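Quick notes on the structure that follows.
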Amino acid sequence: MSVTLLQKSAALAACLLLSVSLCLPARAEELEPPAAPPAAAEPAPNPPEFLALSYTSSRDAIHRGEVSDLTVTLKDTALLTRDFRVEDYDFSKLIDSFSACTPGVEVLSAEDEPVTLRLTCAGVSYSGTGQSLKLSAARKGGGPAQTVEITVAQAVEYTPPVPTPKPEPTPTPAPKEQPAPAVVITRSALAAPLAANQAADIVVTFHNAGKTRVLTPQAVFTPSESLLLVSDTSTFLLPDIEPGKSQSVTVRVQAGKEIAAASQALAVELKYNYDNAGTLTAASAADKLNLAAVTTGDPAQKTDAATPNIVVRDFTYGQSNIAAGSRFTLDFRFQNMGRLRVENVVASVDGGENFALDGGTSTFYYDALPAKGEQKQSVPLQALPTAKSGAQAVTVQFKYEYVDGNKRTAASSEVRMAVPVVQQDRFQINAPALPESCTAGEECVLTLNYVNRGKTDVSNVEAAVEGDGFDAAAKTQYVGNITAGTSGSIGFALTPNQAGKVKVLLKVTYEDPNLQPQTKEFPVELTVGEGALPDDLPMDDLPEEKPFPWPLLALIPLGGVIAGAVVVLRRGGKGKTADPVPAWEPWPDDETPGSPEE
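Taking mature numbering (1 follows the signal peptide of the UniProt record, and there is no 0), I'd label the letters of the sequence shown as residues -28 to -1, 1 to 570.
What follows is the structure in structure tokens.
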């Protein structure tokens, strides 16, 4: 019975333990599924490797505080365009010599070409310090960023003025200007001297003797004290005057009630504008038109004679244009236009800042010149190498005396003659430097070296590459203005499409010192080689190698045995008993097959 009781107690304890184990919560490590194996780390993307091919600026010169548009052309030779997406990259501008901007990105290359981009920073302001433009390129999602730095040659670094002990103002250098067109003012002739209260119409003509158009001319007339302007206004607005053309205006004058002097004058000033290298510049021309009049007063009082004037009737300089630095002879003919004889005439020639005497003297003396008399004079001159292009003035001043009754009076007159000057085009471009080798599918560079040997600037220089069978990231490059005495080079990056002869035409256009367009062409023929075979060429494409003919080697000893047998048979056929062929014996250890006998 005790055994039965013990068995029941053990069974009851087992049931209790089972109930407790079912009611307890399971551990977290028993309920959670096994952790997944860690994923393999993705390989880090290759950093960008962009190269700066070229850049452009909307300004020829950028000073501190000025705003300009900068465009940079980048190229990654290790990345094809089809594998490139703009949205996968971050392009930004770093801290440099220009203000902040968000670059605009434009893809220039085809899908099967190395990616070429154009980054534009519009409206950036120059700080005045340095010439650096820094751009950053990085893949989104990580990876190192690449910094591309470009030197902007158009940026003019600001130099603060150096204080001087004396507060003397620093002279501002004169800007390079186009010469103002020379305007010659003439009037119509009077039938007779003006009498008191007499009115007359004077036709005043303005002739443009320069090379630039006269814009918005205004003529202002001022009469002398004994003349009156009968016209409604003293200011007249004229149409624009083309080079070599004339415009006229009619002015009505009236003599006063009393005329004190026989020589009256109508002063005229022409105010106008002209185009000075894109800038509207103001200029003026003035002259004094003499009018003869009959004086009033005591009839017994003698009227003074009119002042005789000496004018240049015509002049020549032997050429259509005078080149700067060349010599020429100026021949002019002058005449006494008055009614009185003039004496002690001294003529002085002044070439100004553009002409100099080429020997001899600039002053000439004439004892007398009768009324309506003429004289001729030749002056050797030289146009200075630094002379400005265009019509330049040579001034002749006449000083003389005339006798009116018993009174001797001194007088003078000044005449300006316009002589056209041209600057020689000394902009030199050397033949292009060819690369040592050029391979299809790979980039090669052609370079043009230039130097401006002239005394003035060469403007609007533009280079272009033309032809078929190659690709170029930038087929046209704007170089801008090239100052006198400077040199540089222009590079063209070309990628031939296939092997063979490729003809390329390099063309450079510019405006010479006389603002005439010029073009220089350089034809080039490139010999393009085949590109290298790819590393993953399949083995099936290689030519099959033929096996070495080992069986033929086995026939060589057999042929020797047969030849020996034939010799033995021939000896036996002569009646001689042939020795039996000795048995084959192995070579001694110290001999080798085929070794010479001692």
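Note that beta-carbon positions come from the ideal geometry of N, C-alpha and C, so glycine has one too. Since the structure is predicted, the reported quantities are computational estimates derived from the model, not experimental observations.
query: Give me, in chain order, the residues of the same chain whose beta-carbon lies closer than 6 Å to that of residue 411; leave out the 5 immediate sequence neighbours on both sides.; result: 501 and 503
query: On the three-state DSSP scale, how would you describe residue 54?; result: helix
query: Helix or strand or just coil, what does DSSP make of residue 339?; result: strand
query: Grouping DSSP H, G and I as helix and E and B as strand, with all else coil, what is residue 85?; result: coil
query: Hey, residue 575 and residue 86 are a contact pair by Cβ (cut 8 Å); roughly how many whole angstroms apart?; result: Here the chain has residues from -28 to 570 only, and residue 575 is not among them.
query: Quick one: residues in its chain with C-beta nearer than 6 Å to the C-beta of residue 230, no 5 flanking neighbours on either side, listed in chain order?; result: 268
query: In chain order, what residues of the same chain have a beta carbon less than 6 Å from the beta carbon of residue 78, not counting five sequence neighbours either side?; result: 90
query: Return the chain-ordered list of same chain residues with a C-beta closer than 7 Å to the C-beta of residue 290, the five sequence neighbours on each side being excluded.; result: 300 and 301
query: Would you check if the distance between the CB atom of residue 437 and the CB atom of residue 399 is smaller than 8 Å?; result: no
query: Would you give the residue range spanned by the beta strand (DSSP E) that residue 571 belongs to?; result: Any question about residue 571 goes unanswered here, given that the chain covers just -28 to 570.
query: With distances taken Cα to Cα, identify the nearest neighbour of residue 120 among 395, 73 and 24.; result: 24
query: Using the Cβ count rule (16 or more neighbours within 10 Å means buried), how would you classify residue 292?; result: exposed
query: If I measure Cβ to Cβ from residue 350 and keep anything under 6 Å in the same chain, skipping five residues before and after, which residues do I get?; result: 301 and 303
query: Per DSSP, what kind of secondary structure is residue 546 in: helix, strand or coil?; result: Reliability fails at residue 546, whose pLDDT of 44 lies under 50, so the model's placement of it is uncertain and the value that follows must be treated cautiously. Coil at residue 546, not helix or strand.
query: Please work out which residues of its chain come closer than 8 Å, Cβ to Cβ, to residue 328, disregarding the five sequence neighbours upstream and downstream, and give them in chain order.; result: 353, 354 and 356
query: For a test of the three-state rule: what should DSSP assign to residue 247, helix, strand or coil?; result: strand
query: I need the DSSP call for residue 129, collapsed to helix, strand or coil.; result: coil
query: My understanding is that residue 368 touches residue 418, with C-beta atoms under 8 Å, so please give their C-beta distance in whole angstroms.; result: Not a contact, Cβ separation roughly 55 Å.
query: Just the C-alpha distance for residue 66 and residue 100, rounded to the nearest angstrom, thanks.; result: 16 Å
query: Inspect the CB distances between the stretch 444 to 452 and the stretch 388 to 408 and report whether three or more fall short of 8 Å.; result: no
query: Given residue 362, which residues of its chain have a CB within under 6 Å of its CB, disregarding the five upstream and five downstream residues?; result: 151 and 183
query: Taking the Cβ atom as the reference point for each residue, do residue 185 and residue 215 lie within a distance shorter than 8 Å?; result: yes
query: Just the Cα atoms here: how many angstroms apart are residue 308 and residue 380?; result: 17 Å
query: How many whole angstroms separate the CB atoms of residue 263 and residue 233, which I take to be in contact at a CB cut-off of 8 Å?; result: Actually they are not in contact, since the Cβ atoms of residue 263 and residue 233 sit about 11 Å apart, beyond 8 Å.
query: From the DSSP output, in three-state form, read off residue 60 for me.; result: helix
query: Please classify residue 143: is it buried, with 16 or more other beta-carbons within 10 angstroms of its beta-carbon, or exposed?; result: exposed
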